[in-house]
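Here's the structure we're looking at; comments come further down.
Number of protein chains: 2
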Amino acid sequence: MTNMTDTDMYSKAAIIGVGLIGSSLARGMRAAGAAKSIVGYDLQADVRARAVKCGAVDAAPPTLEEALKGADLVIVSTPVGAMAAVLAEVAAKADDGALVIDVGSVKGAVVEAATSLGGRVHIVPCHPVAGTEQSGPEAGFATLFHHRWSIITPLARSDGAYLEAVKKAAALWRAVGAEVEIMDHLHHDLALAITSHLPHLIAFTLVGAADDLESVAEAEIVKYSAGGFRDFTRIAASDPVMWRDVFLNNKAAVLEVLGRFTEELALLQRAIRWGDAETLEKVFSRGRALRRAIVAAGQEKDVPNFGRDEKA
Amino acid sequence: MTNMTDTDMYSKAAIIGVGLIGSSLARGMRAAGAAKSIVGYDLQADVRARAVKCGAVDAAPPTLEEALKGADLVIVSTPVGAMAAVLAEVAAKADDGALVIDVGSVKGAVVEAATSLGGRVHIVPCHPVAGTEQSGPEAGFATLFHHRWSIITPLARSDGAYLEAVKKAAALWRAVGAEVEIMDHLHHDLALAITSHLPHLIAFTLVGAADDLESVAEAEIVKYSAGGFRDFTRIAASDPVMWRDVFLNNKAAVLEVLGRFTEELALLQRAIRWGDAETLEKVFSRGRALRRAIVAAGQEKDVPNFGRDEKA
Numbered sequence: 206m207t208n209m210t211d212t213d214m215y216s217k218a219a220i221i222g223v224g225l226i227g228s229s230l231a232r233g234m235r236a237a238g239a240a241k242s243i244v245g246y247d248l249q250a251d252v253r254a255r256a257v258k259c260g261a262v263d264a265a266p267p268t269l270e271e272a273l274k275g276a277d278l279v280i281v282s283t284p285v286g287a288m289a290a291v292l293a294e295v296a297a298k299a300d301d302g303a304l305v306i307d308v309g310s311v312k313g314a315v316v317e318a319a320t321s322l323g324g325r326v327h328i329v330p331c332h333p334v335a336g337t338e339q340s341g342p343e344a345g346f347a348t349l350f351h352h353r354w355s356i357i358t359p360l361a362r363s364d365g366a367y368l369e370a371v372k373k374a375a376a377l378w379r380a381v382g383a384e385v386e387i388m389d390h391l392h393h394d395l396a397l398a399i400t401s402h403l404p405h406l407i408a409f410t411l412v413g414a415a416d417d418l419e420s421v422a423e424a425e426i427v428k429y430s431a432g433g434f435r436d437f438t439r440i441a442a443s444d445p446v447m448w449r450d451v452f453l454n455n456k457a458a459v460l461e462v463l464g465r466f467t468e469e470l471a472l473l474q475r476a477i478r479w480g481d482a483e484t485l486e487k488v489f490s491r492g493r494a495l496r497r498a499i500v501a502a503g504q505e506k507d508v509p510n511f512g513r514d515e516k517a
Numbered sequence: 206m207t208n209m210t211d212t213d214m215y216s217k218a219a220i221i222g223v224g225l226i227g228s229s230l231a232r233g234m235r236a237a238g239a240a241k242s243i244v245g246y247d248l249q250a251d252v253r254a255r256a257v258k259c260g261a262v263d264a265a266p267p268t269l270e271e272a273l274k275g276a277d278l279v280i281v282s283t284p285v286g287a288m289a290a291v292l293a294e295v296a297a298k299a300d301d302g303a304l305v306i307d308v309g310s311v312k313g314a315v316v317e318a319a320t321s322l323g324g325r326v327h328i329v330p331c332h333p334v335a336g337t338e339q340s341g342p343e344a345g346f347a348t349l350f351h352h353r354w355s356i357i358t359p360l361a362r363s364d365g366a367y368l369e370a371v372k373k374a375a376a377l378w379r380a381v382g383a384e385v386e387i388m389d390h391l392h393h394d395l396a397l398a399i400t401s402h403l404p405h406l407i408a409f410t411l412v413g414a415a416d417d418l419e420s421v422a423e424a425e426i427v428k429y430s431a432g433g434f435r436d437f438t439r440i441a442a443s444d445p446v447m448w449r450d451v452f453l454n455n456k457a458a459v460l461e462v463l464g465r466f467t468e469e470l471a472l473l474q475r476a477i478r479w480g481d482a483e484t485l486e487k488v489f490s491r492g493r494a495l496r497r498a499i500v501a502a503g504q505e506k507d508v509p510n511f512g513r514d515e516k517a
C-alpha cells in the first residue's frame with residue numbers, strides 16, 4: 206500500500222452510507238492520507254451521529270447536499286438496492302468533475318443505472334471483495350481491504366477525463382491496501398455469484414433449515430455447532446438488507462450458479478442413497494487443493510480451524 | 206477439566222488409529238495424567254512411525270495384539286467404515302474388562318456392530334464433537350476437546366460393570382476438557398446430520414460446483430474467495446475417507462435433513478426468481494440470533510471474520 210502524495214490528496218471525501226464498508230474506507234483513507242477532510246452522510250440520523258462518535262468520519266451533515274458540497278471524491282456505500290436512486294441524486298448535486306465510486310457487490314445493475322446519468326461527474330463502479338459479518342459504522346476498520354481485491358467495472362466511456370477517473374479510483378484502492386482488477390461487469394456478476402453470493406445463499410438456507418427442524422432443538426444445534434455448522438453462521442449473520450438487495454439485483458447469475466450447485470448436490474445425494482463410495486471420495490478429494498491455493502494466494506490464514514482454537 | 210487421581214489412572218491406553226482425533230486424545234490424556242503409558246496402533250507403518258516421532262504416543266507396536274496387550278483402555282479412532290471390523294478384533298483380543306471407547310461421528314452403525322460383540326470388554330460408543338480440517342498424527346493437539354461436547358450413546362446394557370464403564374468414559378472426556386451428554390444413538394445421528402454432516406456435504410458440493418464452472422477460472426475463485434467462498438473450503442478440506450464413511454453410514458438421517466435443506470433452498474430460489482424481497486429479508490434475518498447463541502455458549506469466538514483479519 207502506498208501513501209498518497211499531497212498532490213493526489215482529495216480536498217473533501219463524502220461517504221454516502223456509513224456502514225461497514227463506508228466506515229472502513231473512511232478509516233483506510235485517513236490512514237493513507239487520501240483526503241483532507243472526510244464527511245459521512247446516511248439516511249438515518251442515528252447512524253450519522255454514531256459515525257462521527259466512533260471516529261469514522263470528521264463530520265456528518267444532516268443533508269446530502271451539504272455532504273456533497275465541495276467534495277471532489279464521493280463514495281457511495283449504500284445497499285445495492287438504493288444505488289440507482291442515490292447515484293442519480295449524487296450525479297445531479299455533486300460538484301462538476303467529482304470522482305464518484307460505488308462499492309456495490311453487484312455491478313450490472315449499477316453500470317446500467319450509472320450509464321444513463323451523463324458525464325458531469327465520473328462514476329467508477331467498484332467492488333472491494335472484503336467484509337465481515339458485522340455492520341454499522343463501528344464495525345469498520347482501516348485494514349479491511351489489505352490484501353483483498355477490489356474489482357473495477359468501468360462504464361463504456363473512453364474520454365480522457367473518464368479514463369483518468371478510473372486510474373484515480375485504482376490508486377485509491379491501492380492506497381487503502383487493496384489490489385485492483387479491471388473487469389467487465391457481466392463477468393464480475395458471475396464470478397461473484399459463485400465466490401460470494403451463492404455461499405451466502407447456502408449459509409442462509411442451512412440456518413433456516415436448522416431453525417425449522419422440530420426434531421432437533423436449537424440448544425442442541427448450538428451445542429454441537431463445532432461439528433461444522435458454526436462456520437456457516439458467520440456469513441449467515443451478515444446484514445439481511447444488503448444481501449436481499451444483492452439477490453434481487455443479480456438474479457440471472459445467481460440462478461445460473463445455483464443450478465450448478467443443485468446438480469452437484471443431486472449427484473452426491475444419489476451417491477449417498479446408493480452407497481456409491483467412489484463418487485463420494487472423488488468429489489470430497491477436491492477440497493484440499495483449492496483451499497491450499499487460497500491460502501497460498503494470501504486470501505486465508507494458514508492455521509487450522511481459522512485459528513479459533515485455544516491452544517494451551 | 207479435572208486431573209485424574211492416581212486411582213483413576215489407566216495403566217495402559219491403546220489408541221487404534223492415530224489421526225487427528227486419536228492423537229489429540231493421546232495428548233489430552235497425557236496432559237491430564239490419565240494413563241501411565243499410551244501406545245498407538247495404525248494400519249499404516251508410516252503413520253505409526255510418525256505418531257511416535259511427533260510425540261503423540263509413547264510407542265507404536267507393529268501389531269494390534271501387541272498394542273492391546275495389557276491395555277485397560279482402548280480408544281478406537283479409525284474412520285467409521287472400519288469400526289465394525291476393528292471393534293470385533295478388539296473385542297476378541299483385548300484384555301478382559303477393558304474399557305473400549307470409539308469416537309466415530311456416526312453412532313447407529315457402531316452401536317449395531319458393538320451390540321453383537323458380547324460383554325467381555327465394555328464398549329462405550331462416544332462422539333467428541335470437535336476437530337479441524339487437518340488430519341494425521343501431527344495435526345492433533347491436547348486442547349482440541351476443551352469446551353466441546355462429547356456425546357455418549359451407551360449400548361442397551363444395564364449390568365453394573367457396563368454402567369461403571371459409561372461413568373469412566375464420561376470421566377475421561379471431562380479429564381480432557383470436554384462436557385458430556387448422554388443420548389440415544391438415533392437422536393445423535395439426526396442431530397449431527399444437521400450440525401455436522403449436512404454442512405460438510407454442502408461445503409464439498411459448493412467446492413465441486415465451483416471447480417466445474419468453466420466460465421469462471423480457478424484463479425478468480427481463489428482471488429475473490431474472501432467474498433464468502435473461503436469459509437466453505439475449510440471444512441471441504443477435511444479428510445475425504447473419513448467423510449465418505451460418515452455419509453455411507455448415516456444415510457437415512459442425512460437424506461432426511463438434506464430434504465429439508467433443498468426445500469428451503471427451493472423457497473429462496475423462487476423468491477429470487479420472482480423478486481420476493483420480503484421472503485428473502487425474512488429468511489436472512491434468522492442468522493444473527495443463532496450465531497449470537499453459539500457465541501454465547503462458548504462454541505465460537507466473539508470476533509468478526511473468525512479473527513482472521515489483520516488489524517494494524
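Listed in order, the protein sequences are those of chains B and W. Each residue of the first sequence is one higher than the one before, starting from 206 at the first, in our numbering. Each residue of the second sequence is one higher than the one before, starting from 206 at the first, in our numbering. No residue lacks a Cβ here, since even glycine has one placed at the ideal position from N, Cα and C. Bear in mind that the values here come from a model prediction, so they are computed numbers and not experimental data.
Neighbourhood of residue i by C-beta, 8 Å cutoff - its chain only, sequence neighbours within 5 removed
i: L472/W; result: T484, V488
i: A314/W; result: V285, M288, A289, N454, N455
i: V257/W; result: G245, D263, A264, A265
i: S242/W; result: S216, K217, A218, D263, A264
i: E294/B; result: L269
i: A361/W; result: T320
i: A250/W; result: P267
i: P509/W; result: none
i: M214/W; result: G238, A239, A240, K241
Cβ shell of residue i (< 6 Å), same chain only, five flanking positions each side left out
i: I522/W; result: This structure leaves residue 522/W out entirely; chain W is present only between 206 and 517.
i: I226/W; result: S282, V308
i: V326/B; result: A296, A299, A303, V305
i: A272/W; result: A219, V244, Y246, P266
i: A501/W; result: none
i: A344/B; result: L225
Identity of the residues DSSP links to residue i by a beta bridge
i: G245/W; result: I220/W
i: A240/B; result: Y215/B
i: A264/B; result: V244/B
Test item: CB-CB of residue i and residue j under 7 Å
i: N454/B; j: V285/B; result: yes
i: W448/B; j: H405/B; result: yes
i: V279/B; j: V305/B; result: yes
i: V451/B; j: V311/B; result: yes
i: I399/W; j: L418/B; result: yes
i: S236/B; j: A374/B; result: Reading the sequence as shown, one finds Ala at residue 236/B and not Ser. No, the Cβ-Cβ distance between A236/B and A374/B is not below 7 Å.
i: K506/W; j: R513/B; result: yes
i: H352/B; j: G503/B; result: yes
i: A458/B; j: L395/B; result: yes
i: F511/B; j: F434/W; result: no
i: E384/B; j: W354/B; result: yes
i: L403/B; j: V446/B; result: no
i: V421/W; j: G233/W; result: no
i: A441/W; j: G492/B; result: yes
beta-carbon residue i near the ligand FAD non-hydrogen atom, thresh 6 Å
i: V329/W; result: For the structure depicted, the ligand FAD is absent and the ligand set is empty, with no information on it obtainable.
Cut-off 7 Å between Cβ atoms - residues of its own chain near residue i, not counting five sequence neighbours on either side
i: Q339/B; result: L225
i: V291/B; result: I221, V281, T283
i: P342/W; result: V223, G224, S228, V252, R255, A256, C259, A261
i: S443/W; result: E338, H405
i: F437/W; result: A408, L411, V412
i: I499/W; result: E505
i: A276/B; result: K217, A218, A219, A299, D300, A303
i: R439/W; result: E338
Pick out the complete alpha helix (DSSP H) segments inside the region 370-453 of chain B, 4 residues or longer, and give them in chain order. Here the runs fully enclosed are 390-397, 403-417, 423-428, 434-441.
Quick one: complete alpha helix (DSSP H) runs, 4+ long, within the region 277-308 of chain B? As for any alpha helix (DSSP H) of minimum length 4 sitting wholly inside the region 277-308 of chain B, the runs are 285-298, ordered along the chain.
What are the uninterrupted segments assigned as beta strand (DSSP E) that are 3 or more residues long and contained completely in the region 318-373 of chain B, given in chain order? Those beta strand (DSSP E) runs which fall completely within the region 318-373 of chain B and span 3+ residues are 327-333, 354-357.
Touch check for the region 461-475 of chain W and the region 413-420 of chain B: three-plus C-beta pairs under 8 Å? These segments touch.
Does the count of Cβ pairs from the region 425-432 of chain W and the region 366-380 of chain W closer than 8 Å reach three? Taking 8 Å as the limit for Cβ pairs, the verdict is that the region 366-380 of chain W does not touch the region 425-432 of chain W.
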